[in-house]
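Reviewing the structure listed below.
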Amino acid sequence: MYGGESATQFAGATGYMGEPDASGMKPRASGGNQPNTMTPVTVKMIKGALDARASPDDEIKVNGMAIMNITLVGKVVDVQTKGSQVVYRLDDSTGQTDVKVWLDSDGPVEEIPRGAYVRVYGTPKAVGADQVIAAHTTESIRVITDFNEITYHLLEVIYASGYAAKVKSGGGATGVAPQSVYSAVQAAPNVAADGDMNGSLCDRVLFIVKNNPNGDTGISVLEVVEKLGGQFTDAAVRQELESLSNDGAVYTTVDEDHYQAV
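full-length UniProt numbering puts the sequence shown at residues 1 to 262.
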C-alpha cells in the first residue's frame with residue numbers, strides 16, 4: 001500500500017503560528033484578520049486553492065473557507081539542504097509539494113530521511129508556477145511513528161470538509177470547532193464523574209440522549225458533541241448514534257441530525 005517510487009507512494013486542533021514573510025517565506029508575527037486555525041488538507045486541495053485565485057493577493061480558500069495554516073501528511077521522496085533551509089519533497093498520493101523548513105540554529109540538524117512519513121504544519125505559498133509549504137520551525141515537521149495517523153489524517157480532511165459545508169449552510173455555527181480525529185481517539189476517557197458518563201463513548205452518548213430535555217424534537221449531534229466537552233469529533237459521535245439506532249436504543253426525529261432515546 002505504501003510502496004513504490006511514484007506519485008502513488010502515499011496511497012492509502014489547533015494552534016496559530018506566524019505567517020511566513022512573502023519574500024523569504026520566513027515566519028513573522030501575525031496580524032490583521034487572517035484565519036487562525038490549522039486546516040487538514042491534501043496536496044491536491046492546496047494546489048487547487050492556489051490555482052483558483054485570481055490574484056496572488058487573494059485569500060487562499062479550501063472548501064469555500066479562507067485558510068492560512070495547514071497540516072499535511074506525506075512521504076519524503078527528496079531532501080535538499082540549501083543554506084539555512086532544508087527542502088523536503090513530499091508525496092501524499094494526490095500530488096507532490098516542497099516543504100521549506102528553516103533551521104533554528106547554525107548547529108547540525110538531523111535531516112529526515114527519504115522514505116519517512118511525516119506530518120507538516122505550515123503555510124501554503126505559490127512561488128512562480130510551483131506551490132510550497134513554508135514550515136515554521138524544525139518542530140513543524142515530524143516523523144510519523146504510528147501509521148494509524150495516516151488514516152486519521154485522511155479522516156480529518158473528510159471531517160473538516162464536511163464541517164465547512166455545514167458552516168456554510170448555516171448548520172454548524174454553534175461555536176464547536178472541528179477537532180483533530182487523531183486527538184479525539186487519544187482523548188482522556190472520563191468526561192464527567194457520575195452515572196453512565198464514566199463508561200465508553202457509546203454509554204456516554206446514550207446517557208446524554210436519555211437525559212435530553214428537548215422532548216419530541218430530540219437532541220442534535222452537535223449538542224451531544226458539546227455535552228461531551230468537545231473531546232470527541234462530530235464523526236465519532238455520529239457513528240455511535242448510528243450504532244445505537246441500529247440496536248434500537250435511539251431513533252431519529254425531525255431530521256437525520258436529531259435523536260431521541262427509546
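For every residue, glycine included, the Cβ atom is placed at its ideal position computed from N, Cα and C.
Do you know whose CA, among Pro-40, Asp-57, Asn-63, lies nearest Gly-48's CA? Asn-63
When you compare each of Ala-116, Met-45, Glu-111, Tyr-259 to Asp-146 by their alpha carbons, which one comes out closest? Ala-116
Ignore the nearest five residues each way along the sequence and tell me which others in Asn-212's own chain have a CB closer than 6 Å to its CB. Ile-219
Can you give the beta carbon distance from residue 289 to Thr-39, rounded, assuming they're within the 8 Å contact cut? Lying before the first or after the last residue shown, residue 289 is absent from the chain, which here runs from 1 to 262.
Does the CB of Gln-231 have a neighbour CB from chain D at under 9 Å? Here there is only one protein chain, and chain D is not present.
Spatial distance of Gly-172 from Asp-58 (CA atoms): Note that Gly-172 scores 49 on pLDDT, short of 50, meaning its location in the model is unreliable and no value can be drawn from it.
Would you tell me roughly how many angstroms separate the C-alpha atoms of Val-237 and Val-209, rounded to the nearest one? 12 Å
Taking the Cβ atom as the reference point for each residue, do Arg-204 and Leu-228 lie within a distance shorter than 9 Å? yes
Are at least three pairs of beta-carbons, each pair with one atom in the region 151–159 and one in the region 124–135, less than 8 Å apart? no
What does DSSP give as the partner residue(s) for Arg-114 in the beta ladder? DSSP, once it has assigned bridges, lists no residue as partnering Arg-114.
In the DSSP assignment, the alpha helix (DSSP H) including Asn-69 goes from what residue to what residue? First-last for Asn-69: 69–82, but that is the beta strand (DSSP E), not the alpha helix (DSSP H).
With a 10 Å radius around its C-beta and 16 neighbouring C-beta atoms as the bar for buried, classify Val-76 as buried or exposed. buried
I need the straight-line Cα distance from Leu-206 to Gly-248, nearest angstrom please. 11 Å
Using a 10 Å radius around the Cβ and a threshold of 16 neighbouring Cβ atoms, would you call Leu-244 buried or exposed? buried
Report yes if the CB atom of Ala-135 is closer than 9 Å to the CB atom of Val-99, and no otherwise. yes
Supposed contact pair Val-132 and Thr-97 - C-beta distance, whole angstroms, cut 8 Å: 7 Å
Short of 8 Å in beta carbon distance, which residues of its chain neighbour Ala-52, apart from the five on each side in sequence? Order them along the chain. Lys-61
Can you check which of these residues, Thr-71, Asp-216, Cys-202, is closest to Arg-142 by C-alpha distance? Thr-71
Can you tell me whether Arg-53 is helix, strand or coil according to DSSP? coil
Neighbour-count burial assignment, Val-254, 16 or more Cβ in a 10 Å radius: exposed
Straight-line CA distance for Thr-81 to Ser-200? 48 Å
Could you tell me the distance, in whole angstroms, from the CA atom of Val-223 to the CA atom of His-258? Position check: residue 223 holds Glu in this sequence, whereas Val was assumed. About 9 Å.
Quick one: what does DSSP say Leu-90 is sitting in, helix, strand or coil? strand
Beta-ladder partner(s) of Gly-229, from DSSP: In the DSSP output, where bridge partners are listed per residue, Gly-229 has none listed.
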